[in-house]
Structures are given as structure tokens and as C-alpha cells.
Amino acid sequence: MALALLGSTGGPGPGAALLLPEVPWPLPIYVLVSADCYALGTVGHRVANLHGYEDAALELQNQIQDSGTDVTCKGMCF
Amino acid sequence: MAAEEASRSSPRSRREPKGRVPRQDKYSVLLPTYNERENLPLIVWLLVKSFSESGFNYEIIIIDDGSPDGTRDVAEQLEKIYGSDRILLRPREKKLGLGTAYIHGMKHATGNYIIIMDADLSHHPKFIPEFIRKQKEGNFDIVSGTRYKGNGGVYGWDLKRKIISRVANFITQILLRPGASDLTGSFRLYRKEVLQKLIGKCISKGYVFQMEMIVRARQLNYTIGEVPISFVDRVYGESKLGGNEIVSFLKGLLTLFATT
């Protein structure tokens, strides 16, 4: 916009406008939003794919019972 | 194959020189305990079962920090039942922290590999033969159990807990780039000399201590392998995570980021 005003008031001319780069003001916002989307997507995917080991807990509960019997037979006093 | 790796090539990895008969490996399991009267007989039974079935030479070193619930008495009974060559009780007078517990345990360890794990049944000894196999396969300096890769997983976490854990792990991966998927896990196998060196360099406590061990290992170019494990966080009931723990974790993470 600043460059357009400069050109319309008869400033340095269109050649100078071509030399000066446009200020990429949307870029930081774009990067921030993209990074947030990536983070949310990654965390969401990883939460969804975190295995819940109900069978591991059941196996452990059974082994707790077996071990209690075995160590008691070996002389353990709880 | 269920086991996956996160390794770097390392000039420090030891290999047996040609022509020499390798001495038998021995695995020392360090079990720091505090108020584990109920769980200790069970975890020792599972360890003995796992090692007996796999045929590896082992010892279990119990480091009790003056538990008021009688954990030491239980450990003494276990020493008599299984033999003092298999169960070594090396107690301390009071709680002095995990790092010093490992140092204390290693002084008495006769094995050339050290396995650290929790005594509250959250880590199942059935994965130890997998750890050993993985270590031999890649000649790794460290093998770490991971809940976040391959078939790894947890039991006892609600959705909120899972989200917190995954967000924490995500932030950790971004800030520290550790080369391992599970930094806060404490179920690991180390070469004895590697653990001694790392403990000497670590200053953090709690969750962050385990993270710092992996970060320092990466700095020293030690190789790290990973084995997926199932983590049963409380066999009965659900795990709770307090606000204080989250805050101290974040503080520790930022300190590690700034200092490593």
C-alpha cells in the first residue's frame, strides 16, 4: 500500500517500486497458525494412537495372585 | 518386529576384541524402594521368574530409603527365600533421591549391565529379555523402554492424562531433540560404566532426572535403543497427575533446554 501511494504521488517512480520488496506481513501469522495446526494434529494423532493395555493389567492382576500364593508357600509373612 | 531403535553411530560403543572369549554377562537390577511393602514381593517374584525362564545371570539390589511401612523387613525375608547371591538388600537411613540411590546400588553391583526400574509394578519384568536381546542386537550402550512407539502403551490413564503426557512429550521432542521417544520413562538397561558416567553429569531430580540422563547420553554420543513396553500405572484405580508435578516438569524442561 505504501508503495502504491508513493507511485501515485509521483515519487521515485515505478522502477524503485520494483526494487523494493513487499513487506510480507501475513507471513508470521501464517507460520504461527501453521505451526499450531501441526502441533494440534500431531498431538491429537498421538493421543488417538496411544495403546491402552487392558490385557496387560489383567495379566498383571493374575500374576499378583499367583505370586502371592507362591511366596507364601516359600515362607513369606505379609 | 515390535522393537524399534533410535540410535546414533558411536565410536564409544564397546565391542569384544577378537580372539577373547566373552565373559558371561550379568545383569544387576536396581530397585529403589519407599513404602513398597505390598509390591516388593510381587516384583521380585516376577523378576526371578523372568530371569529364570530366560537363563540370564542376575542379581536384584534393593535400595530401601528407610520406609516406615516395613519394606525393609519384607526385603530381608526375600533375601532369605531367594538367597543373598540373588537378592542384595542395601538400605539407607532416609530418602536421599533417585540419583544417589543408583550410585549406592552400583557400588554393590557385580553385574556389567544395570537395569533400572520402578518397584510399584508399573514396569513388567517380562520385557527385560527383550531389552537384553535388543542390546546385543545393536551393541547399544543404553536400551530404554518406550510407551510412545511401536506396540508401547499404557493402562490406567484417562483422556486428560493421555493428552497431558502427549503434549509434554511433544514439547520435549521439539525443545531437546533427544533421539529417543520416551524421555521420562525409568525402565532402562545401561552398561554399568555408562550409567556411572551419566549419573556423575546429571543434577536434576524426579522426571527431569530421567530426561537429563538421555540428553547427556546423546551429548556423549552413547547409542540408545528402544523397546516398546506396556506401562501399567496403577493396577487398580486411575493415575492422577498433580499441578505441582506439571509445573516442576516444565521448569526442569526449560532448564535442560537452556543448559544443554
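Protein chains in written order, with the UniProt record's numbering: chain A, 1 to 78; chain B, 1 to 260.
Cβ atoms here follow ideal geometry from the backbone N, Cα and C, with glycine treated the same way.
As the structure is a computational prediction, the values presented were derived from the model and not from experiment.
Could you list which residues in chain A have their beta carbon closer than 7 angstroms to that of residue i, in chain order?
{"i": "G153/B", "result": "L50, H51, G52, Y53"}
{"i": "S230/B", "result": "Y53, A56"}
Closest to residue i by CA distance: which of the options is it?
{"i": "V154/B", "options": "R90/B, L88/B, S230/B, G55/B", "result": "S230/B"}
{"i": "K201/B", "options": "V247/B, A217/B, P32/B", "result": "A217/B"}
{"i": "G55/B", "options": "L40/B, R133/B, P91/B", "result": "R133/B"}
{"i": "I246/B", "options": "R161/B, L78/B, G185/B", "result": "R161/B"}
{"i": "residue 318/B", "options": "H104/B, D141/B, Q24/B", "result": "A question about residue 318/B goes unanswered here, because the residues of chain B that appear run from 1 up to 260."}
{"i": "P228/B", "options": "K192/B, Y190/B, F127/B, K136/B", "result": "F127/B"}
{"i": "K192/B", "options": "A109/B, D120/B, M117/B, I214/B", "result": "A109/B"}
{"i": "E79/B", "options": "E59/B, T223/B, E212/B, L96/B", "result": "E59/B"}
In this structure, does DSSP put residue i in helix, strand or coil?
{"i": "E36/B", "result": "coil"}
{"i": "G7/A", "result": "Residue placement at G7/A cannot be trusted, given a pLDDT of 48 that sits under 50; what the coordinates show is reported in the next sentence. Looking at G7/A - three-state DSSP - the assignment turns out to be helix."}
{"i": "K192/B", "result": "helix"}
{"i": "E226/B", "result": "strand"}
{"i": "A180/B", "result": "coil"}
{"i": "F231/B", "result": "strand"}
{"i": "G44/A", "result": "helix"}
{"i": "R90/B", "result": "coil"}
{"i": "Y53/A", "result": "coil"}
{"i": "N62/A", "result": "helix"}
{"i": "I164/B", "result": "helix"}
{"i": "D85/B", "result": "coil"}
{"i": "G99/B", "result": "helix"}
{"i": "G153/B", "result": "strand"}
{"i": "D70/A", "result": "helix"}
{"i": "S67/B", "result": "coil"}
{"i": "L31/B", "result": "strand"}
If I follow the unbroken beta strand (DSSP E) through residue i, where does it start and stop?
{"i": "S144/B", "result": "142-146"}
{"i": "N57/B", "result": "57-64"}
{"i": "I116/B", "result": "113-116"}
Determine the chain A residues that contact residue i at a beta-carbon separation under 9 angstroms, and present them in chain order.
{"i": "G128/B", "result": "One detail in the question is off: residue 128/B reads as Ile in this sequence, not Gly. Under the 9 angstroms cutoff, chain A gives no residues; its nearest Cβ is about 15 angstroms from I128/B."}
{"i": "H124/B", "result": "A56, E59, L60, Q63"}
List the residues of chain A whose Cβ lies closer than 8 angstroms to the Cβ of residue i, in chain order.
{"i": "R166/B", "result": "V43, R46, V47, L50"}
Residue i versus chain D: which residues are under 8 angstroms apart at the beta carbon?
{"i": "D36/A", "result": "No chain D is present in this structure, whose protein chains are A and B."}
Within the continuous alpha helix (DSSP H) that includes residue i, where are the two ends?
{"i": "I214/B", "result": "207-219"}
{"i": "G252/B", "result": "243-259"}
{"i": "F131/B", "result": "128-138"}
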